[in-house]
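Numbering (the working numbering), first residue to last: 63 to 176.
Before any comments, here is the structure.
Take a look at the structure:
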């Protein structure tokens, strides 16, 4: 018959979605296998969500280009920022705010005294 495979209820393995977690921020998404493989190929075997991908591209640009070594450095830098955020702000937002206010006050007092 002329029915497509999806009309007959038959799905290819490429149509199946899998839950995958961002190596940077921890966000989980449902994605197809080919999409997961393409993202991992771009980011050295790590799956990275769209938001982190944009942040890494921006960081790579700031570091001087799109060469592979720069992109890898940008990926590592972004993963470090996310790790620090997840260990501090997400765990204890009030403590993070207090720390940020202390840094602002120190910076302000150093500018006034110098």
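Idealized CB from N, CA, C, for every residue including glycine.
This one's a predicted model, so the numbers in the text were calculated from it and none came from an experiment.
Asked, Found
"I need the boundaries of the beta strand (DSSP E) containing residue 86, first residue and last residue.", "Residue 86 -> no beta strand (DSSP E), and no H or E assigned at all."
"According to DSSP, what are the bridge partners of residue 90?", "83"
"Under the rule that 16 or more other beta-carbon atoms within 10 Å means buried, what is residue 78, buried or exposed?", "exposed"
"Should residue 65 go down as buried or exposed, given a rule of 16 or more other Cβ atoms within 10 Å for buried?", "Low per-residue confidence applies at residue 65: pLDDT is 48, beneath 50, and the placement is therefore not dependable, though the value from the model is reported in the following sentence. Counting Cβ neighbours within 10 Å, residue 65 comes out exposed, since fewer than 16 surround it."
"Taking the alpha helix (DSSP H) that residue 252 belongs to, which residues open and close that run?", "For residue 252 there is no data in the structure shown, the boundaries of the chain being 63 and 176."
"Under the assumption that residue 118 contacts residue 109 (Cβ atoms under 8 Å), give the Cβ distance between them as a whole number of angstroms.", "Between residue 109 and residue 118 the Cβ distance is about 12 Å, and since that is not below 8 Å, they are no contact."
"Can you give me the C-alpha to C-alpha distance between residue 97 and residue 159, rounded to a whole angstrom?", "38 Å"
"Output needed for residue 81: all residues of its chain with C-beta closer than 6 Å, excluding positions within five of it in sequence on either side, in chain order.", "90, 92"
"Roughly how many whole angstroms lie between the Cα atoms of residue 67 and residue 107?", "The predicted position of residue 67 is uncertain, since its pLDDT is 44 and thus under 50; a value taken from the coordinates is nonetheless stated next. The straight-line gap from Cα to Cα measures roughly 31 Å."
"Please confirm whether residue 135 and residue 125 have their CB atoms less than 8 Å apart.", "yes"
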